[in-house]
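Below: one structure, written as C-alpha cells.
In this note's numbering, the protein residues as written are 2 to 115.
Written out as C-alpha cells, the structure is:
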C-alpha cells in the first residue's frame, strides 16, 4: 500500500534501523521503544492485521517468529527471556495497519501488561 509506512520501509523508501532480515520479513528497531530492546518484525507482504491472516498467507507467521528468534540472538536477550506481541485494533494499541510482531526484552516484563 502506498500510504503504509511499513511498506515504505520494506521498499527502502523510508529509512529505518534494520536489525535482521529474511526473504519474507524485516526486523527494525522501534522508534518509540517501550523496553531496552524493542524491535518490530514486519512481513514484506502487506497484511493489514493479525485478524486478517488467512490460508493464503501460509508461512507468514512462521517467518515472523523465525526472524524474531534471530533478533533475540542479535540483541542478546534470548537467554534471560523476552516477550513477543501482536497488537490488533484500536483497543489493542495497533498504531500501524500492517501486521507486525513486537519483540521486547532487556528487562523484567510485568504482568498483566497495560
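Even glycine gets a Cβ: it sits at the ideal position worked out from N, Cα and C. This structure is a prediction, so every number in the text was calculated from the model and none was measured.
With residue 64 as the anchor, note down where its alpha helix (DSSP H) starts and where it stops.
Its alpha helix (DSSP H) spans residues 61–76.
Kindly indicate the opening and closing residues of the alpha helix (DSSP H) around residue 9.
Counting along the chain, the alpha helix (DSSP H) containing residue 9 begins and ends at 6–11.
Identify which residue in 18, 102, 84, 46 has its Cα closest to the Cα of residue 113.
With distances taken between Cα atoms, residue 113 lies closest to 84.
For residue 1, the three-state DSSP class (helix, strand or coil):
With the chain covering 2 to 115 only, the question about residue 1 has no answer from this structure.
Kindly indicate which residue of 64, 78, 95 has the alpha-carbon position closest to the one of residue 106.
Nearest option by C-alpha distance: 78.
Whole angstroms is fine: what's the gap from residue 104's alpha carbon to residue 12's?
Per the coordinates, the alpha-carbon of residue 104 lies some 22 Å from the alpha-carbon of residue 12.
Assuming contact is defined by CB atoms lying nearer than 8 Å, are residue 29 and residue 19 in contact in what I supplied?
Against a cut-off of 8 Å, the Cβ pair of residue 19 and residue 29 comes out as a contact.
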